[in-house]
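Participant: There's a structure below that I have some questions on.
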Amino acid sequence: MASFIGYYSLIFGLCTSLFIIFFSIKNFRNSKIFDIKIISFIFLQFFFVIVSFFSLIISFINSDFSNETVFNHSHSTIPLFYKISGTWGNHEGSLLLWLLVLTLFLFLFLLRSSTEKKQYKILTLLFQQIIIIGFFIFVIKTSNPFNFIFPAPVEGLGLNPILQDPALAIHPPILYLGYVGSSIVFSSALAATCLNCITKQWAKHIKQWILISWIFLTLGILLGSIWAYYELGWGGFWFWDPVENVSLMPWLALTTLLHCILVIEKKLVFTSWAVILSIATFTLSMCGTFLVRSGILNSVHTFANDPERGLFILVFLFSLIFLSIIIFIFFHKADNKNTVIFFWLSKETSILINNWFMMYFLAVVLIGTTYPIFLEVISSEKISIGPPFYHKLIVPFLIPFLFAMAIGPKLKWIKSDIQNKSYLVLFLIISFLLSVLIIKNLNIDFLLNSILITSAMFLFFTTLREFFTREIKNLSQNLAHFGFSLLILSILLNNIFSTEIITNLKVGESFKSKDFKINFEKIEQKDEKNFKTIIGKFNIKNINGADVVFNPELRIYNQPNIVTSEADIKTNLLSDKFITMNLVQNQDYFNIRYQIKPFMIWIWLSVLLISLGGFISLFQKRYEK
Amino acid sequence: MFGRKVKLRFFFILLILTTLILSVYLILKSLEENVVYFQSPSEIKLLAEVEKKKIRVGGMVKSDSIFIEAKEVKFIVTDFKNEINVIYAGVLPNLFSEGKGVVAEGYLKDKNLFIASKILAKHDENYMPPEVKAALEEN
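If you're matching them up, the sequences are chains A and B in order.
According to numbering that gives the first Met the number 0, the first sequence is numbered sequentially starting from 0.
According to numbering that gives the first Met the number 0, the second sequence is numbered sequentially starting from 0.
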């Protein structure tokens, strides 16, 4: 029954699009004021999608296995929370969620922009409707979440156990708010280009949408990263996996756009650049969806390798790119009358530098992610590109980037000078001395690491000082930059000081290193609702006498039959201690991995700070003068 | 001569071009050095000589071939035509088991021995690395 309602409200939702388009075009031509009817229709569309989404959730909660999606991705013994999160833990449901966010953003956009010009609003909603219709057709035609199975199976196939996790349950909705949020920026930028109304007011108005999308994207990436850290048991937080890269690319584009729009808010320069960035951000989001959904990249995100779906997104993606390029070329008028000449030492220049570096980082990630795919298509040669590629190309360029990040915000618009900035030199010296102190006794590349730490510390100190100045000019920016310096610092220190022991032990054996001794005391078995668990008891003694008990787990899920390992992590402010165990089939040995990872929690906290910066900016009434 | 505006624009375009060329050069150079090729056991057998380059080997873990010790794991990867011995010291993914697909990254010692530095994790039990699938289909 629920499936029935869900399916038909999807169809109704699609039909509403036709009404919306009809009334919008009529309204665009005829009357002077914006027709309220359109908003009601858009709300109606949003309502239909919500009904459809909730009926899918209800099917999941009731374990209604006559629904194919539920049958494939659920099981009656799964806890309720994961039954619900299973709704978007599969291809069909996640696309429905995508559609839900699309319509939600359009509705909110119209509510929030009642003061904008009528034509601009209508054009934006028309562009957004094109995307919405595309996704409606995609969902209904190729990935209908409401397919029936007759006769209904008694039991479902179960949800992939590594998806049964709180962080991953909320990761897709948050990430989608970011991904899909950029669609409204895309539509609005195209509309503004058509009407040639890229003004300071437009920049101010669109900035909040960019910010919202940016905050959620940041948080979504953070959640995914935390999940990978403790659930996959590799002990890292970023692997330069293509699936991670496709979420990083829109983030880089969006961050660039965010900085660029700050300039437009003040001076009408870089307008065409902002439009290109808006188009790029959404295109990259779509690209990400295409890559992970089409089965080209293999990961936990690839639910089904159906070529038809990949082809549909690809065609849709290219028509959107084509449309936006046409609009950009034919409608965009670079306003020459407004050219502002700015001095080389000014805020504009520093933002330009930021954009420059961001584009370089984006290019590196883009090429690293897509090159193997193209190569395979062209020459059927199979290759992979690992972390060394990214590290080599990105890390050295972080140094000037960090310095620019520290100094840039101190500069004034148009023209600036460096007076009363002697404290900057002082900070530079302090940071350098500190970084030398940190790494002097270590066996690592001295030059690169010391300069890197120096630059990160420099940013750290300059932003820290700003918090204590009498009138803090721009809290949000400072907080975000401070968070970024903290992030880079923690990542660097984490990389340098991490230690790791990997060994194979039988129950009762122990492993000794020069710093500590790992005792594998015993294992216990327990039966949980939908899995059996083997809990290991480890006693790790430090040489200074303190000993800690760790209880990593091995979970053997019954449906589907998969083994996952649950790491036991002891977190404190200084470091994480991390232990995982694995069992090799039919063997007595357990594969043990013990890691000490310093400043792990600061990596998560600093990303939270960065997004908090964005959040404050949303509510900051006035940007600095 | 030229006005200040023209000069500025010229300088700007020059700057863009240089950074563009520089970054393309850097990326291509780094690509050349850091690309990891995938090879099946049969392809390794056909190699003229053993290179000191990082590669990936993929196939199925042969039944009854896993041999585990305190420090390392030994097993045989097969594509049902040819086999290669693998020695590995490190973390084993949960789904590593006999008769299932595997992808190992590391260096060739000789044509029969592969020293792995990483075994790639998989996410579900039916998953087979695409490379392995293709390699198996070819045979």
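Note that the Cβ used here is the ideal one computed from N, Cα and C, for glycine as well.
Computed from a predicted model, the values in this text were never measured in an experiment.
Under 8 Å, do A:Tyr-359 and A:Phe-396 count as touching if we go by C-beta distance?
Facilitator: Walking along the first sequence from the start, residue 359 of chain A turns up at place 360. Walking along the first sequence from the start, residue 396 of chain A turns up at place 397. Yes, Cβ-Cβ distance for A:Tyr-359 and A:Phe-396 is below 8 Å.
Participant: Give me the subset of the segment 77-91 of chain B whose CB atoms are less than 8 Å from a CB atom of chain A, sorted by chain position.
Facilitator: If the cut-off is 8 Å between Cβ atoms, the segment 77-91 of chain B has Ala-88, Gly-89, Val-90, Leu-91 near chain A.
Participant: Using a 10 Å radius around the Cβ and a threshold of 16 neighbouring Cβ atoms, would you call A:Gln-128 buried or exposed?
Facilitator: Position 129 of the first sequence, counting from 1, holds the residue named residue 128 of chain A. The residue is buried, with at least 16 neighbouring Cβ atoms inside 10 Å.
Participant: Restricting to Cα atoms, I'd like to know which of A:Glu-91, A:Ser-73, A:Lys-531 is closest to A:Tyr-6.
Facilitator: If you number the first sequence from 1, residue 6 of chain A lands on position 7. Of A:Glu-91, A:Ser-73, A:Lys-531, the residue nearest in Cα terms is A:Glu-91.
Participant: Near B:Lys-73, what residues of its chain come up, given a Cβ to Cβ distance below 6 Å and the 5 sequence neighbours on each side ignored?
Facilitator: Within the second sequence, numbered from 1, the residue matching residue 73 of chain B stands at position 74. If we look at B:Lys-73 and ignore the five residues flanking it on each side, its Cβ neighbours are Phe-66, Ile-86.
Participant: Should A:Met-285 go down as buried or exposed, given a rule of 16 or more other Cβ atoms within 10 Å for buried?
Facilitator: Here the question's residue 285 of chain A lines up with position 286 in the first sequence. It is buried - the Cβ of A:Met-285 has at least 16 other Cβ atoms within 10 Å.
Participant: Listing by chain order, which chain B residues have their CB less than 7 Å from the CB of A:Ile-366?
Facilitator: The sequence position of residue 366 of chain A within the first sequence is 367, counting from 1. The contacting residues are Ile-26.
Participant: Less than 8 Å between the beta carbons of A:Ile-600 and A:Asp-575, yes or no?
Facilitator: What you label residue 600 of chain A is simply residue 601 of the first sequence in a count that begins at 1. What you label residue 575 of chain A is simply residue 576 of the first sequence in a count that begins at 1. It is a contact, given that the beta carbons lie within the stated cut-off.
Participant: Jot down the residue ranges of each uninterrupted beta strand (DSSP E) in the segment 421-508 of chain A, minimum 3 residues, whole runs only, in chain order.
Facilitator: Runs of the beta strand (DSSP E) inside the segment 421-508 of chain A: 498-504.
Participant: Do the segment 212-232 of chain A and the segment 353-370 of chain A touch if we need at least three Cβ pairs shorter than 8 Å?
Facilitator: Flag = no, the segment 212-232 of chain A and the segment 353-370 of chain A do not touch.
Participant: Once you ignore the five residues that flank A:Thr-198 on each side, which residues in its own chain have a CB closer than 6 Å to its CB?
Facilitator: The residue you call residue 198 of chain A lines up with position 199 of the first sequence. Counting only Cβ-Cβ distances below 6 Å, and skipping sequence neighbours, we find nothing.
Participant: Do A:Val-262 and A:Glu-347 have their C-beta atoms within less than 8 Å of each other?
Facilitator: Position 263 of the first sequence holds residue 262 of chain A. Position 348 of the first sequence holds residue 347 of chain A. In contact: A:Val-262 and A:Glu-347 (Cβ atoms closer than 8 Å).
Participant: First and last residue of the alpha helix (DSSP H) that includes A:Leu-573?
Facilitator: Numbered from its first residue, the first sequence carries residue 573 of chain A at position 574. First-last for A:Leu-573: undefined, no H or E at that position.
Participant: Compare the C-beta of B:Thr-17 with all C-beta atoms of chain A and state if any pair is closer than 8 Å.
Facilitator: As a working mapping, residue 17 of chain B is identified with position 18 in the second sequence. Not one chain A Cβ lies under 8 Å of B:Thr-17.
Participant: Mind listing the chain A neighbours of B:Val-35? Cutoff is C-beta to C-beta under 8 Å, in chain order.
Facilitator: Sequence index remark: in the second sequence, residue 35 of chain B carries index 36 (1-based). Result: Ile-382, Ser-383, Ile-384, Gly-385.
Participant: Quick one: which unbroken beta strand (DSSP E) runs of 3-plus residues sit fully inside the segment 321-409 of chain A? Chain order, please.
Facilitator: Segments of the beta strand (DSSP E) lying fully in the segment 321-409 of chain A: 382-384.
Participant: Cβ atoms of A:Gly-219 and A:Phe-681: under 8 Å apart, would you say?
Facilitator: No answer is possible for residue 681 of chain A: it lies beyond the span of chain A, which begins at 0 and ends at 624.
Participant: Assign A:Gly-612 to one of three DSSP states: helix, strand, or coil.
Facilitator: Numbered from 1 along the first sequence, position 613 holds the residue referred to as residue 612 of chain A. Three-state DSSP puts A:Gly-612 in a helix.
Participant: Run through chain A and tell me which residues come within less than 9 Å of B:Ala-115, C-beta to C-beta.
Facilitator: What you label residue 115 of chain B is simply residue 116 of the second sequence in a count that begins at 1. Under the 9 Å cutoff, chain A gives no residues; its nearest Cβ is about 13 Å from B:Ala-115.
Participant: How would you write the range of the alpha helix (DSSP H) that A:Thr-270 sits in, first residue to last?
Facilitator: The count along the first sequence starts at 1 and reaches residue 270 of chain A at position 271. 270-292 is the extent of the alpha helix (DSSP H) around A:Thr-270.
Participant: Got a sec: is the Cβ-Cβ distance from B:Pro-70 to anything in chain A below 8 Å?
Facilitator: Looking up residue 70 of chain B in the second sequence gives position 71. Just to set this straight, residue 70 of chain B is Lys in the shown sequence, not Pro. It does: the Cβ of B:Lys-70 has a partner Cβ on chain A nearer than 8 Å.
Participant: My output table needs one value for A:Ile-169: the three-state DSSP class, helix, strand or coil.
Facilitator: For this step, residue 169 of chain A is matched to residue 170 along the first sequence. It is helical.
Participant: Could you check how far apart the C-beta atoms of A:Pro-241 and A:Thr-280 are, in whole angstroms? I think they sit under 8 Å.
Facilitator: Within the first sequence, the letter at position 242 stands for residue 241 of chain A. Within the first sequence, the letter at position 281 stands for residue 280 of chain A. The Cβ separation is near 19 Å, so there is no contact.
Participant: Answer with buried or exposed for A:Met-456, where buried requires no fewer than 16 other C-beta atoms within 10 angstroms of its C-beta.
Facilitator: Your numbering for residue 456 of chain A matches position 457 in the first sequence. By the 10 Å Cβ count, A:Met-456 comes out buried.
Participant: For chain A, find out if any of its Cβ atoms is closer than 8 Å to the Cβ of B:Phe-9; answer yes or no.
Facilitator: Taking the second sequence and counting its residues from 1, one reaches residue 9 of chain B at position 10. Not an interface residue.
Participant: Report yes or no: do three or more beta-carbon pairs, one from the segment 210-217 of chain A and one from the segment 602-615 of chain A, lie closer than 8 Å?
Facilitator: Counting Cβ pairs under 8 Å, three or more are found: they touch.
Participant: What's the C-alpha gap between A:Ile-35 and A:Phe-330?
Facilitator: The sequence position of residue 35 of chain A within the first sequence is 36, counting from 1. The sequence position of residue 330 of chain A within the first sequence is 331, counting from 1. Near 28 Å, if we compare the C-alpha coordinates of A:Phe-330 and A:Ile-35.
Participant: Three-state secondary structure (DSSP) at A:Met-599?
Facilitator: Along the first sequence, read from residue 1 onward, the residue named residue 599 of chain A stands at position 600. A:Met-599: helix per DSSP, three-state reduction.
Participant: So what's A:Val-48 in DSSP terms, helix, strand or just coil?
Facilitator: In the first sequence, the residue the question calls residue 48 of chain A occupies position 49. It is helical.
Participant: Quick one: which chain A residues come within Cβ less than 7 Å of B:Ser-29?
Facilitator: Here residue 29 of chain B is taken as the residue at index 30 of the second sequence, counted from 1. The contacting residues are Phe-388, Lys-391, Leu-392.
Participant: Taking 8 Å as the CB-CB cut-off, is A:Tyr-81 touching chain B?
Facilitator: Start at 1 with the first residue of the first sequence, and residue 81 of chain A comes out as number 82. Taking Cβ atoms only, chain B never reaches closer than 8 Å to A:Tyr-81, which makes this a no.
Participant: If contact is defined by three or more beta carbon pairs under 8 Å, each pair taking one atom from either stretch, is the segment 202-212 of chain A in contact with the segment 180-194 of chain A?
Facilitator: Yes: at least three Cβ pairs fall under 8 Å.
Participant: Taking the beta strand (DSSP E) that B:Thr-77 falls in, what are its first and last residues?
Facilitator: The sequence position of residue 77 of chain B within the second sequence is 78, counting from 1. Here the beta strand (DSSP E) through B:Thr-77 covers 72-77.
Participant: Please report the residue range of the beta strand (DSSP E) in which B:Gly-57 lies.
Facilitator: Start at 1 with the first residue of the second sequence, and residue 57 of chain B comes out as number 58. It spans 54-60 - the beta strand (DSSP E) in which B:Gly-57 sits, taken as one unbroken run.
Participant: Please report whether the beta-carbon of B:Ile-43 lies at a distance below 8 Å from any beta-carbon of chain A.
Facilitator: Counting from one through the second sequence, the residue named residue 43 of chain B turns up at place 44. Closer than 8 Å: no.
Participant: Using C-beta distances below 6 Å, list every residue in its chain close to A:Asn-518, excluding the 5 sequence neighbours before and after it, in chain order.
Facilitator: Translated into the one-based positions of the first sequence, residue 518 of chain A becomes position 519. Cβ neighbours of A:Asn-518 beyond the five flanking positions: Ser-509, Asn-538.
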